[in-house]
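Working notes for the structure below.
Numbering (full-length UniProt numbering), first residue to last: 1 to 234.
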């Protein structure tokens, strides 16, 4: 594995910057195509900044007056560590939680990833950076479709209103079970002299982007409910 040389040649600088730009562009194209906030320009700037930080640390090595064996104790290494910490704060700001739905986790991880790739290229570890870039492209471009097809447990909140004596929980549970769902009673309350409202938690396995959801309303009406309302819980 290549180490940072004491004397940094412009040829090395051009190669490292070019590879960092390539990494930022390739990763940014994937994020921009998906309509993410951290798109091409963001990933390119982050990766390039990380590369420049390592190039600066490399350029300062010759001014330290230390022998190659004492590199581990140089304070210059705090520069890339500070870069990683700063990008961690940026990534945390990209994560958004709203109505139980968490967004931006992959964006934050992508920013942190391109930072590490940029540090590798800037530090002269070209082979390590190339391998990391290749693996990152596989994860972002190819595993996305695989992830969409992985069945996972989905949750829904089902609220039904019915008249006393006209509703059967057993019929509702059987109908839900026939569609592959599990039903759990959560709470109930009176809405009038003869009306009841109950809330159920429904769980089922399926692809997260499945175009169809189980027929909640139909099952509730078959069980005797007069009104039904449901929503997906993220």
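Here a beta-carbon is modelled for each residue, glycine too, at the ideal position from N, C-alpha and C.
Under 8 Å between C-beta atoms of residue i and residue j
i           : j           : result
residue 115 : residue 13  : no
residue 201 : residue 179 : no
residue 44  : residue 137 : no
residue 216 : residue 226 : no
residue 50  : residue 129 : no
residue 176 : residue 188 : no
residue 109 : residue 79  : no
residue 40  : residue 118 : no
residue 172 : residue 219 : yes
residue 181 : residue 203 : yes
residue 141 : residue 30  : yes
residue 231 : residue 134 : no
residue 223 : residue 168 : yes
residue 239 : residue 126 : The structure shown has nothing for residue 239, since the chain only spans 1 to 234.
residue 104 : residue 154 : no
Unbroken alpha helix (DSSP H) run spanning residue i, endpoints
i           : result
residue 217 : 216-222
residue 178 : 169-178
residue 134 : 126-137
residue 122 : 105-122
Exposure label - residue i; buried when at least 16 CB within 10 Å
i           : result
residue 152 : exposed
residue 239 : Missing from the structure shown is residue 239; the chain here goes from 1 to 234 and no further.
residue 1   : Reliability of the predicted coordinates at residue 1 is poor, the pLDDT of 47 falling under 50, and the value obtained from them is presented with this limitation in mind. Under this definition residue 1 is an exposed residue.
residue 86  : exposed
residue 89  : exposed
residue 124 : buried
residue 111 : buried
residue 132 : buried
residue 198 : buried
residue 24  : buried
residue 149 : exposed
residue 28  : buried
residue 165 : exposed
Bridge-paired residues (DSSP) for residue i
i           : result
residue 194 : Looking at the DSSP assignment, residue 194 forms no beta bridge with any residue, so it has no partner.
residue 187 : 199
residue 160 : 198 and 228
residue 154 : 204
residue 181 : 204
Residue i - containing beta strand (DSSP E), residue span
i           : result
residue 230 : 227-233
The ligand NAD heavy atom lying under 7 Å from the CB of residue i
i           : result
residue 182 : The ligand NAD is absent from the structure shown, which contains no ligands of any kind.
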